[in-house]
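Each remark here refers to the structure printed beneath this line.
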Amino acid sequence: MYFFIAFAIVAIACSAITIKTLVGYNDMRLLGKLGISLVILAGWFAPLLACGIYKFNVLSGELADYLISALYYLFGFCFILIMLILVRDAVWYLIYGLAKMLGLSSWSINPKNISVLNHANVVVTVLSLIAAGIAAYNGNMAPREKLLVYHTPKLAKDMTFVQVSDMHITRRTPVEYVENIVNLVNAQKPDAIFLTGDIVDDKLNKIQPQLQALSKLKGRYGILASIGNHELYSGINSWLKAFKDMGIWVLFNKGVQIGKTPVYVAGIPDMNTSMVHPSLNVDFPRALKTAKDNQYKILLSHNPEFVDYINGSLFDLQLSGHTHGGQIFPFHMMVKYSNKYLSGQYQVNGVNLYVTNGAGTWGPQMRLFAPAEIAVIKLIAEKNKK
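Written as C-alpha cells, this is what we have:
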C-alpha cells in the first residue's frame, strides 16, 4: 500500500511538471491541451492502471495484454520525456546564467522566452519519441551473452556456469521470448544454471505456457536459484513449490556442493523477502554450514548490496541482479543512488561481484544503454591459466 501511495505522489508531481512545461505557456486550443494532459497522465499512472485492469478484471485476454503493454510503453516515453526536459532546462539556465555573467545575454536565449520554449518543447518531444522507439527496439532484442572469466587454484579442471536474472515473466511475455533465452543458455552446455531472482512476476496459474518453456533449461548438475522481490509480490509460497516441482533448487540460507566438484554454491533470501518473517532473514553462517575451506564458494544473492557484509574468506564470487543496469537511461542515475553496485564487475572486500543487467524488463519492455544479457561464467583452473 505504501508503495502505491508513494508512486501516486511521484506520478502526480511528474505529470504536473510535464503538462505545465508542454502546454502551460502557449496558446494551444483547450481541447489540444486536454488531450496532451490526458496522455501524460495515462503514461505516468500506467503501472497503477495496469494493476487495476488485472485486479478488477476490467478487460481480459489479449485485449487487456495489448492495452497494458501500450500503457507501459507510454510510461517509458513519459519517463524519457521528463528526464530530457529536466536536463534541457538545467543546461539552458546554466548557459543563460553564464551569458549574463559575461554580458552576452539576449532575449533569444532567455528560458522565459515563450516562443523559444515552445520550439524547444517540440524538439525535446521528438527526441523523446526517437529515444523511446530505440528503447522499445532494444527491449525486444534477445539478451546478449556476457562472458566472465575467473581464475582459481581451487579447481582441477575448468567449469562453465550460466547466470540468468530478472526475466520478469508475466502473462504478457511471449513464449517465444522465454524459449529463446532457454536455447541461449542450453547452447552453453553449462555445468549448472544460476537463477538470481525476479524470474517470474505474475501469478502461477497465469503463466503456465511460459513455465513450460522455462522447464527446458538444462544444466549438467542442475539449476540453483535465489529468490527476488517479485517472487515475493507474486505469492512466494506458491512459487517455492512450483520451482521445486520444476527441478529448480531454491537456496534459502542454504548451500550445496556442485556434484563432486570443489565448487560450493549458497543462496540467501532477497532483502525484501527477509523482512516478511524472521525465519526468512539472511543468515550467512547457515548458508555456509556444509561448506569446506578449500572449496570455491559462490553466493547467489538477488540484491548486490549484500556483498558489503561478506569478504573473501567466506565467498570467492557473488552473482546478483535486481538493478537491471538502470534499464532505461537516465534512470541509471536514480538506481545508482540507491544501489551503488549498478552493473558489471566489482572487487569488494576480496570478493568478485558481478551484477547482471538481467535478461528481461520490468514495466515497459524497453531498454536504453542497458542491454539485456545472460552471464556465461568460466571458472578456469589455475594450472590452465595462460
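Here the working numbering is used: position 344 in the sequence shown is 337, and no number is missing along the way.
Virtual Cβ for every residue (Gly too), placed ideally from N, Cα, C.
- Secondary structure at T11: helix, using DSSP grouped into helix, strand and coil.
- Under the rule that a run must span 4 or more residues, the alpha helix (DSSP H) segments found entirely inside the stretch 17 to 88 read 23 to 37 and 39 to 48.
- In the displayed model, V117 falls within a helix according to three-state DSSP.
- Nearest Cα to N246 within the set R279, V258 and M264: R279.
- In this structure, M359 lies near G69, with their beta-carbon atoms less than 7 Å apart.
- With the rule of 3 Cβ pairs closer than 8 Å, the stretch 325 to 332 does not count as touching the stretch 126 to 136.
- Sequence-distant partners of L188 (beyond 5 residues in either direction) whose C-beta falls short of 6 Å from its own C-beta, in its chain, are V157 and A218.
- Residue Y86 holds the alpha-carbon nearest to the alpha-carbon of P104 among G305, N274, Y86 and Y130.
- Taking the Cα positions, Y302 is about 19 Å away from N222.
- With a contact defined as Cβ atoms closer than 8 Å, I12 and I33 qualify at about 5 Å.
- The alpha-carbon of F236 is positioned some 20 Å away from that of H270.
- Between the alpha carbons of V16 and V109 lies a gap of roughly 14 Å.
- Of all alpha-carbon atoms in D159, P146, N131 and C71, the one lying nearest the alpha-carbon of V119 is that of C71.
- Comparing alpha carbon positions, the residue from L42, T14, P297 and L41 closest to I29 is T14.
- In the DSSP secondary-structure assignment, T153 is bridged to K371.
- If the five residues before and after I73 are omitted, its C-beta is found closer than 8 Å to the C-beta atoms of S121, A124, A125, A128, I321 and L361, all from its own chain and listed in chain order.
- Below 8 Å, enough C-beta pairs join the stretch 299 to 319 and the stretch 157 to 176 to call them touching: three or more.
- The alpha carbon of S231 has as its nearest neighbour, out of A57, T145, V275 and N198, the alpha carbon of N198.
- Within the model, the alpha-carbon separation for L24 versus I220 is close to 48 Å.
- Under the 10 Å beta carbon count, I370 is surrounded by 16 or more other beta carbons and is classified as buried.
- Distance between P357 and S62, taken at the CA atoms: about 7 Å.
- Residue pairing of F187 in beta bridges, as defined by DSSP: Q156 and L217.
- Cβ atoms of L204 and V178 stay farther apart than 8 Å, at about 15 Å.
- Annotation for Y330: the continuous alpha helix (DSSP H) segment containing it runs F324 to S331.
- According to DSSP, residue pairing for K247 in a beta bridge involves G260.
- With a contact defined as Cβ atoms closer than 8 Å, I251 and Y214 qualify at about 5 Å.
- With respect to P255, Q201 sits apart: the two C-beta atoms are not nearer than 7 Å.
- Excluding its 5 nearest sequence neighbours in each direction, N304 has C-beta neighbours in its own chain below 8 Å: N342, G343 and V344, listed in chain order.
- Counting along the chain, no beta strand (DSSP E) covers N179; the unbroken alpha helix (DSSP H) around it starts and ends at V168 to A180.
- Closest option to N332, judged by alpha-carbon separation, among L233, L310 and V300: V300.
- For I241, DSSP records a beta bridge to I216.
- The beta carbons of F38 and A4 sit closer together than 7 Å.
- Here E375 is exposed, its C-beta having fewer than 16 other C-beta atoms within 10 Å.
- In the three-state reduction of the DSSP assignment, H144 falls in the strand class.
- I192 is the residue among L141, L95 and I192 whose C-alpha sits nearest the C-alpha of T166.
- Under the 10 Å beta carbon count, S227 is surrounded by 16 or more other beta carbons and is classified as buried.
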